[in-house]
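In this text, residue positions in the sequence shown follow our numbering: the first is 388, and each later residue adds one.
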Amino acid sequence: MSLLITNIGELVTNAPRGAAAPGPFATIADAAIVLDQGVVAWTGPAAAAPAADEVVDAAGRALLPGFVDSHAHLVFAGERGAEFAARMAGLPYSAGGIAGTVTATRAAGDEVLRSNLARLAGEMLAQGTTTFECKSGYGLTVADEARSLALASEFTAEVTYLGAHVVPAEFAADRAGYVSLVCGEMLAACAPVAKWVDVFCERGAFGADEARAVLAAGAAAGLQPRVHANQLGPGPGVQVAVEAGAASADHCTFLSDADVDALAASRTVATLLPGVEFSTRSPYPDARRLLGAGVTVAIASDCNPGSCFTSSMPFCVALAVREMRMTTAEAVWAATAGGAHALRRTDIGHLGIGARGDLVMLDAPSHAYLAYRPGVPLIAGVWRAGERM
Ligand SMILES: [Zn+2]
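This is how it looks when you write it as structure tokens:
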């Protein structure tokens, strides 16, 4: 079954015409696209489009690759609306609020966690996210981390073991004991259902040596590294990420020149999470400094119940443009191809030949409307692997 979408006002491909791999931001005006067997078979001017079994008329709307949200924490119970309200009233954010979510998550049945996850995954899809990553990190026991990852794997292939989120209260007097658990019995239970290992390398969470131990143990168990780095202040997170060959260093809010240089010289993507700075009323990362240095930049939601409870990539794109001075093209590339790089995926985030048929149609004539009309529901259609959702 083939599908032709024609009369597209602006087709964002993120690939040179005919290419089979992601490239820089690229568009085709007055375009068409053909999907066959769930993948991109052809793109080009609408006037030259081949026939297909089914035809959709985009009526001049823009069409983009589906958003790739490479950073989300969706397995949890409870909510922290009062904490948010208090923070907006002037109290500072600290990572300590995670403990409340851990208590609620441990107490919740699988059905509660699954239905919360399903609701958030549904929100993401409705807002154009066709691939998302999902972390554990609110269980922090062997059984609760393993079940968190098993639940996440029901919804996505991009599953991340984050036993090293914070040291849970019962290990407050035995940090080393907790790190040993994360690198030992907990990892053994989690590795079979995870693809990635992550660590919150930050003051108040885990230091450089602890983070290195977690990433090395994860790698030995077959998991690929990614790191929460330099969110709350300067620190060793980015250097640890680059040293470990991490796919991504996430947050990157407080960076030294050496951090920027290390990222620029590596394959590690800088994933910026501007929803966090918005929701914690904090300074935004310096996206222009990273882009100017040649660092690959991704944007993701960091959807989580504490520091940022948005699941909306369009909102994050608008923040990236308005608050981080990214161009609309840079922001849309970062939310699609950038996310794919951060997940080391070549089949998503672009619409080159052979890419997965993951598409977002905007009720707007160009990608710029994602930032030009913030907060407006612009998603007119979503396709995943060629299937309309
Ligand atoms: Zn996070």
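A virtual CB, placed ideally from N, CA and C, is assigned to each residue, including glycine.
Original post:
When every heavy atom of ligand 1 is checked, does at least one fall within less than 6 Å of the C-beta of Asp689?
Top reply: Walking along the sequence shown from the start, residue 689 turns up at place 302. Result yes, Cβ under 6 Å from ligand 1.
Subject >> Limits of the beta strand (DSSP E) - the one that Val584 falls within >> reply: Walking along the sequence shown from the start, residue 584 turns up at place 197. Unbroken beta strand (DSSP E) run through Val584: 583 to 588.
Subject >> Whole-angstrom C-beta distance between Ala685 and His728, which should lie under 8 Å >> reply: Numbered from 1 along the sequence shown, position 341 holds the residue referred to as residue 728. Numbered from 1 along the sequence shown, position 298 holds the residue referred to as residue 685. So it is a contact: roughly 6 Å between Cβ atoms.
Original post:
Between the region 457 to 469 and the region 418 to 428, do at least 3 Cβ pairs fall closer than 8 Å?
Top reply: Contact annotation: the region 457 to 469 does not touch the region 418 to 428, with fewer than three C-beta pairs closer than 8 Å.
**OP:** Mind checking which residues open and close the alpha helix (DSSP H) that includes His728?
**Re:** Counting from 1 along the sequence shown, the entry for residue 728 is found at position 341. For His728, the enclosing alpha helix (DSSP H) begins and ends at 724 to 729.
**OP:** State the start and end residues of the unbroken beta strand (DSSP E) segment that holds Arg771.
**Re:** Within the sequence shown, numbered from 1, the residue matching residue 771 stands at position 384. Run containing Arg771: 766 to 771, per the beta strand (DSSP E) assignment.
Subject >> Straight-line gap, Ala634 to Val625 (C-alpha atoms, nearest Å) >> reply: Against the sequence shown, residue 634 aligns to sequence position 247. Against the sequence shown, residue 625 aligns to sequence position 238. Approximately 11 Å between the Cα atoms of the pair.
Subject >> In chain order, each alpha helix (DSSP H) run of at least 4 residues that lies wholly inside the region 697 to 723 >> reply: For the region 697 to 723, whole alpha helix (DSSP H) runs of length 4 or above, ordered along the chain, are 700 to 711, 715 to 722.
**OP:** Pick helix, strand or coil for Asp417, following the three-state DSSP scheme.
**Re:** On the sequence shown, position 30 is the one that residue 417 refers to. Look at Asp417 here: in three-state DSSP terms it is strand.
Original post:
When the distance is taken between beta carbons, is Val426 closer than 7 Å to Ile392?
Top reply: As a working note, residue 392 is residue 5 in the sequence shown. As a working note, residue 426 is residue 39 in the sequence shown. Cβ atoms of Ile392 and Val426: not closer than 7 Å.
**OP:** Ignoring anything shorter than 4 residues or poking outside the region 734 to 766, list the alpha helix (DSSP H) runs there in chain order.
**Re:** Secondary structure in the region 734 to 766: the alpha helix (DSSP H) runs of 4 residues or longer, each lying completely within the stretch, are 756 to 759 in chain order.
Subject >> Whole runs of the beta strand (DSSP E) within the region 429 to 476, excluding any shorter than 3 residues >> reply: The region 429 to 476 contains these whole beta strand (DSSP E) runs: 441 to 444, 449 to 452, 454 to 456.
Subject >> Range covered by the beta strand (DSSP E) that runs through Val566 >> reply: Position 179 of the sequence shown, counted from the first residue, corresponds to residue 566. Here Val566 belongs to no beta strand (DSSP E); instead the alpha helix (DSSP H) covers 562 to 570.
Original post:
Are the Cβ atoms of Asp734 and Arg743 separated by less than 7 Å?
Top reply: If you number the sequence shown from 1, residue 734 lands on position 347. If you number the sequence shown from 1, residue 743 lands on position 356. In this structure, Arg743 lies closer than 7 Å to Asp734 by Cβ.
Subject >> Continuous alpha helix (DSSP H) assignments of at least 4 residues falling wholly in the region 591 to 650 >> reply: Here the runs fully enclosed are 595 to 607, 624 to 630.
Subject >> Option in Thr658, Met711, Val629, Ile766 with minimal Cα separation from Ser669 >> reply: Within the sequence shown, residue 669 is the residue found at index 282, counting from 1. Across the set Thr658, Met711, Val629, Ile766, the C-alpha of Met711 shows the shortest separation from the C-alpha of Ser669.
**OP:** Specify the secondary structure class of Asp531 as computed by DSSP and reduced to three states.
**Re:** Taking the first residue of the sequence shown as position 1, residue 531 is located at position 144. DSSP places Asp531 in helix when its eight states are reduced to three.
Subject >> Local conformation of Gly405 per DSSP, three classes >> reply: The residue given as residue 405 occupies position 18 in the sequence shown. Three-state DSSP puts Gly405 in coil, outside helix and strand.
**OP:** Taking the CB atoms as reference points, tell me whether Ala583 and Thr547 lie closer together than 7 Å.
**Re:** Reading the sequence shown from its first residue, position 196 is the one you call residue 583. Reading the sequence shown from its first residue, position 160 is the one you call residue 547. It is worth fixing the name first, because residue 583 is Trp in this sequence and not Ala. In contact: Trp583 and Thr547 (Cβ atoms closer than 7 Å).
**OP:** Would you mind working out which of Ala616, Ala439, Lys522 sits nearest Val656, comparing C-alpha positions?
**Re:** Your numbering for residue 656 matches position 269 in the sequence shown. Cα-wise, what sits closest to Val656 is Ala616.
**OP:** Give the single residue among Ala472, Glu545, Ala495, Leu738 whose Cα lies nearest to the Cα of Asp423.
**Re:** Looking up residue 423 in the sequence shown gives position 36. Minimum Cα distance to Asp423 is reached at Leu738.
Subject >> Exposed unless 16 or more other CB atoms sit within 10 angstroms - verdict on Ser699 >> reply: Within the sequence shown, numbered from 1, the residue matching residue 699 stands at position 312. With 16 or more other Cβ atoms within 10 Å, it is buried.
**OP:** Note down the Cα distance separating Ala556 from Ala486, rounded to an integer number of angstroms.
**Re:** To locate residue 556, count along the sequence shown from 1; it is residue 169. To locate residue 486, count along the sequence shown from 1; it is residue 99. Looking at the two C-alpha atoms, the distance is approximately 8 Å.
Original post:
For the candidate residues Arg709, Leu678, Glu664, Met713, whose alpha-carbon lies nearest to that of Met475?
Top reply: Counting from 1 along the sequence shown, the entry for residue 475 is found at position 88. Distance check between Met475 and each of Arg709, Leu678, Glu664, Met713 places Glu664 closest, using alpha-carbon atoms only.
Original post:
For Met388, does the count of other Cβ atoms within 10 angstroms reach 16, so buried, or fall short, so exposed?
Top reply: By one-based count along the sequence shown, residue 388 stands at place 1. Met388 comes out exposed.
Original post:
Is DSSP giving Arg668 helix, strand or coil here?
Top reply: One-based indexing of the sequence shown puts residue 668 at position 281. Of the three classes helix, strand and coil, the one that applies to Arg668 here is coil, per DSSP.
**OP:** Could you name the residues that DSSP lists as bridge partners for Leu422?
**Re:** Residue numbering aside, residue 422 sits at position 35 when the sequence shown is read from its first letter. Paired residues: Leu390, Val427.
**OP:** Counting only the same chain and skipping the five closest in sequence on each side, list residues whose C-beta sits under 8 Å from that of Cys521.
**Re:** Taking the sequence shown and counting its residues from 1, one reaches residue 521 at position 134. Annotation for Cys521: Ala459, His460, Leu461, Val462, Leu504, Ala539, Phe542, Thr543, Glu545, Val546, Thr547 place their beta carbon closer than 8 Å to its own, counting only its chain and skipping 5 residues before and after.
Subject >> Close Cβ partners of Thr492 (< 8 Å) along its chain, the five nearest in sequence each way excluded >> reply: The residue you call residue 492 lines up with position 105 of the sequence shown. Excluding the 5 residues flanking it on each side, Thr492 has same chain C-beta neighbours closer than 8 Å at Val462, Phe463, Ala464, Gly465, Leu500, Tyr525, Gly526, Asp531, Ser535, in chain order.
**OP:** Compare the beta carbon distance of Cys703 and Gly736 with 7 Å and say whether it is the shorter of the two.
**Re:** Here residue 703 refers to the residue found at position 316 when the sequence shown is read from its first residue. Here residue 736 refers to the residue found at position 349 when the sequence shown is read from its first residue. Contact: no.
**OP:** Take Gly622 as the anchor and find which of Pro764, Ala636, Ala435, Asp440 has the nearest alpha-carbon.
**Re:** By 1-based counting over the sequence shown, the position of residue 622 is 235. Comparing Cα-Cα distances from Gly622 to each of Pro764, Ala636, Ala435, Asp440, the minimum goes to Ala636.
Original post:
What's the call for Ala779, buried or exposed, on a 16-neighbour Cβ count within 10 Å?
Top reply: It is not possible to answer for residue 779, since the shown part of the chain is limited to 388 through 776.
**OP:** Taking only the alpha-carbon atoms, compute the straight-line gap between Met776 and Ala767 and give it to the nearest angstrom.
**Re:** Position 389 of the sequence shown holds residue 776. Position 380 of the sequence shown holds residue 767. Between Met776 and Ala767, the C-alpha separation is close to 11 Å.
Subject >> Rounded distance between the beta-carbons of Val647 and Leu677, thought under 8 Å >> reply: For the purposes of this step, residue 677 is taken as the residue at position 290 of the sequence shown. For the purposes of this step, residue 647 is taken as the residue at position 260 of the sequence shown. Contact holds; Cβ gap of about 6 Å.
Original post:
Count the other CB atoms within 10 Å of the CB of Arg613; is the residue buried (16 or more) or exposed (fewer)?
Top reply: Position 226 of the sequence shown holds residue 613. It counts as buried.
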